[in-house]
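Residue numbers (this note's numbering), protein chains in the order written: chain A, 35 to 402; chain B, 675 to 1205; chain C, 920 to 1271.
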């Protein structure tokens, strides 16, 4: 019995354990010092955790991993471009970016949720395509409409040809404003207290939200849409709200992310965000239908640890840092693939057991 | 129960038809507060339709509504949705569970009616941001469980519960609604163990004592007698009897349920001789068969089918009659032994059955029987092509579809079975139910089998098509000497078509009788081992 | 036929074309009409479209078997592409040149595509209904795994490896002297600015014909039935899993051949993350051609590839000339993804 329990624990936490082993092997090979690693991890946790947490809402409502969270990131990027253009820097700039991103996120989230409601059972692939589709519109707006149609004052962020935004927008004047405010240093390690406070606030919100009527409805919808509908819960609306919430928080998270980075790679910043956040959450032991706050924290830590050490370890083993970079991309994709496969297979298990029971009952009957 | 003025529920002259097919005619009955009414009847007698009307289900409105009046406390009411019915104090426990698997019993009991506390955010963003009042939830559910009188763990998750407790959770949910005056229980004991069923009957008595009226639908007739004040028996959309429970017995009820013109001759006389001639040689023998078909479980069935006969398999819905052909033909997980014409047929292998010249017309036309998006030609020719390499022309080593041969055979069956279609190229989806059924038969006939399973051949098709389909089957049996096993919920249909009829009850063969036997005999078998 | 007949036919096609397809077709016609006015050379435009068609058509054809067997749109196309890349690089490594290098590339790619297809098909059989999302990520994983392999595998051919270190393949490998244009130059037609890569078109026609023929065989019929209604096929004695796996192998092999044909037209082998950019346009093309998640035909492939590639080649010239902005890339992205989204939100036909 006890052995079984251990085995079950190992099976259920296969992915995090795998990553712990990978990290344990790679860290000594990379030759990084503990202080350096700790510093890096804390920076990256501050940068990414908020983004990862926004994935929890759609999982709660049974819509799986929200590959469409990039929509929120794009909303934040548009907001940041405006803020940068108006030269509102520092904390006011960040607050303004958050406020500006809100209506865009809500609109995009609503669109995404509505389309997902038209593709029930295929939400994930729909969200995935949605992020490319909206990405196209984002390009149209930022690369062509900003300038001639949407007024952009400062030529410093415009492309030399006179319209469209440069490939990189410098956010030097708001770089790490949040992180530095209230930051403390312990033995050379900077802890961005305010950023962590914001993340903590979101965690509290999530904990509280689970106890609200809306949170309860989301869980009900997530487990059985038809039962929820029969009980009078507005299923479609609840699902849309969960996507909107995810998109809005993704937008906030993206502002935190960008202020930490200190520049905006205009056309690529959002492209990988969704994949990395999802991979991080899954590395933390989450699945398509179940995820917790601790999954997010553990996942961000392990995933980024692997991310930091892989190239250096690759150089050490094969003498080529590219190997490490490809390896970490492979690991991200691999973990998502694995999680998706396990989820789909679990949905289809439990069949066949009923038959065994019948055969058993019959044998007993014949014996007696 | 003493009568106090107006009864709680009055159903007056309820009529309902589905597209011209009359399913309920002049239904009248009344029910007082705290009374328990047992509602029985064969499948298709109209019980569920009647309950759907009472509960305001969408399907009734979508199919043109009903005529007649439903009165609650003397007031005429019209329910457009189940929520209207709930508001008026009617609760219903359906056969399928309507529970959230990952929630506790308590959470399910208060589902979407959770007691909440106001919060700051809810003042701004609306009521859905109220927080749940877990204490009040616990109290509400505890009260409901207490009212029911059967002990279940309110904090246990539904997915961890035995099936009986799920049923009780559903009942507790209805009881937790303060306005509840009338509770409809649709075959609640079907999934319960005997002990649980007894507890449920106690619980019903308790509800009745508290003034809640109950409509109790079940096939376990002794339960009705033990708990009900009155019994209403339905047959063919009519109320045939409405009597106090103490004045009746199981055999009376059975008689009323199935009792039609008992004198009518069952099968044509020439059939009887035909079967007599070949009697003795069992072409298909089933030994110790179990089938895991959800809702139609088969347990330890042993059955012989004689060469050249038409054997009927009847029984109430959910008792396992459909599981037998589906199990033998390999569509559902099965175990045991099946021998055809002296050779063992492996189970769970549709190909092996088809290779052995068995064929099957499934009851599930849309999902199993047809390629809805393909032409009639494909539908009719496909199995014969795949199993027997018919309708292929060989060019060198490649075997291509012989479109001409396919068209020929399709046309032949279109004529023979009078399938109404625009051409042999028409998509199966576009045909009516009856014509789709004929396509399913044609598909089986094209295999030219020695043995044919036909499952619910007349389900959901109109009277004219019914006769045609049954005639086609009889002709197929007589002219080509094909042994036919026909599974049907309609006893009369079986009696008209078959030589012998096996009745399945509780997943087992309850008995086999000649078709000429009286309806009561069959009725007794049907309810004999109901689980 | 008369006018009535034509009107009938037109209405029939209107109904079958559906809105998005009509819009794209209309858009393309509009582009061709505008072309002469903005000074674009018409024969060159047509030549470009035909050329791009000849590169891509086989890849689009690779979608057909899996759609037929109900495995959905083949977002796992990268597996086929990887088989093709292995075939291509090994063929060069072994020193084959000219047409032979092309033939050998196909020959070498075949066992890989059978192997990958079998594994991939077996996986898809375990997750029926969730194919598309998993296929996408299986593709990604495979590509990123191969990224490491391109660096690590002991290739030595100097045309392919990095000059400095002498190990690891370069991201772009020129096919000059190998199979650059080998198909296209066969019976090549050139009239002024108008050119036809006859050989490539014939090669596609051959594969398309074989596919057409296959779908009319007993096995092909079974495959279509499996896609149309899995339970029906099972009840008719079909081994559903084996049929689906076969379709995946076919799709994978066609994907391998498809990328080789693409390379012979393009003139280069692209390794590492390049295969990532092939999948979605290919999926979109067949959808534009009128296929749905569970129905696809050869005409869908041809119409879809022409429309999609026509749009790809025409928009840059015309848009540039008209508004002096190169928004063609953006238009292409929006159309590609919009088309896939449209297909995903349709209710699937049939009862699977």
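We put the beta carbon where it would ideally sit given N, CA and C, even for glycine.
If you ignore the 5 residues before and after residue 902 of chain B, its C-beta comes within less than 7 angstroms of the C-beta of 710, 711, 712, 890 and 919, all in its own chain and listed in chain order.
In this structure, the beta-carbon distance from residue 144 of chain A to residue 1253 of chain C does not fall below 8 angstroms. For residue 964 of chain B, the enclosing beta strand (DSSP E) stretches over residues 956 to 966.
In this structure, residue 1008 of chain B sits near residue 965 of chain B, with a CB-CB distance shorter than 8 angstroms. A straight line joining the alpha-carbon of residue 776 of chain B with that of residue 254 of chain A spans about 8 angstroms. In the three-state scheme derived from DSSP, where H, G and I count as helix and E and B as strand, residue 59 of chain A is classed as helix. The segment 982 to 1000 of chain B and the segment 1126 to 1135 of chain C do not touch, with fewer than 3 CB-CB distances between them shorter than 8 angstroms.
Close partners of residue 1002 of chain B in chain C (Cβ separation under 9 angstroms) are lacking, with about 12 angstroms as the shortest Cβ gap. Scanning its chain for C-beta atoms nearer than 7 angstroms, with the 5 sequence neighbours on each side dropped, one finds around residue 74 of chain A the residues 342, in chain order. With the criterion set as a beta carbon lying under 8 angstroms from some beta carbon of chain C, the members of the segment 1057 to 1068 of chain B are 1057, 1059, 1060, 1061, 1063 and 1066, in sequence order.
Not flagged as an interface residue toward chain A: residue 1115 of chain C, since no C-beta distance is shorter than 8 angstroms. For residue 273 of chain A, the closest Cβ of chain B is not nearer than 8 angstroms. Contacts with chain A at 8 angstroms (Cβ-Cβ) include residue 1257 of chain C.
Below 8 angstroms, too few C-beta pairs join the segment 207 to 224 of chain A and the segment 187 to 194 of chain A to call them touching: fewer than three. For residue 987 of chain C, same chain residues with a beta-carbon under 6 angstroms away, outside a window of 5 residues either side, are 1142, 1143 and 1146 in chain order. For residue 962 of chain B, the C-beta contacts it makes with chain A under 7 angstroms involve 396, in order along the chain.
When secondary structure is reduced to three states using DSSP, residue 896 of chain B falls in the helix class. Annotated three-state conformation of residue 1261 of chain C is helix, per DSSP.
In the DSSP annotation of this structure, residue 1039 of chain B is not part of any beta strand (DSSP E), being labelled neither H nor E.
Less than 8 angstroms separates the beta-carbon of residue 1135 of chain B from that of residue 1111 of chain B. Counting C-beta pairs with one atom in each stretch, the segment 1004 to 1011 of chain C and the segment 1159 to 1171 of chain C have fewer than three that are closer than 8 angstroms, which means they do not touch. For residue 1181 of chain C, no Cβ of chain A is located within less than 8 angstroms of the residue's own Cβ. For residue 1246 of chain C, the nearest beta carbon of chain A is closer than 8 angstroms to its own beta carbon. Not one beta carbon of chain A lies nearer than 8 angstroms to the beta carbon of residue 1041 of chain C. Neighbours of residue 70 of chain A in chain C, taken as residues whose beta carbon is under 7 angstroms from its own, are absent, since the nearest beta carbon is some 26 angstroms off. The alpha-carbon of residue 158 of chain A is positioned some 40 angstroms away from that of residue 1058 of chain B. One thing to note: residue 95 of chain A has its Cβ within 8 angstroms of the Cβ of residue 276 of chain A. For residue 1067 of chain B, the enclosing beta strand (DSSP E) has its first and last residue at 1066 to 1069. Between the segment 739 to 749 of chain B and the segment 677 to 697 of chain B there are three or more C-beta pairs closer than 8 angstroms, enough to call the two in contact.
Counted as a single uninterrupted DSSP element, the alpha helix (DSSP H) harbouring residue 726 of chain B occupies residues 721 to 728. Fewer than three pairs of CB atoms, one per stretch, sit closer than 8 angstroms, so the segment 1143 to 1155 of chain B makes no contact with the segment 955 to 975 of chain B. Chain order gives the chain C residues near residue 1005 of chain B as 1150, 1153 and 1154, where near means a beta carbon separation below 9 angstroms. Beta-carbon to beta-carbon, residue 844 of chain B and residue 773 of chain B are separated by about 7 angstroms, close enough to satisfy the 8 angstroms threshold. Here residue 1185 of chain C carries a helix assignment [DSSP, helix/strand/coil]. Proximity to residue 957 of chain B across B:1018, B:1000 and B:989 peaks at B:1018, based on C-alpha coordinates. Per DSSP, the continuous beta strand (DSSP E) segment holding residue 912 of chain B begins and ends at 912 to 918.
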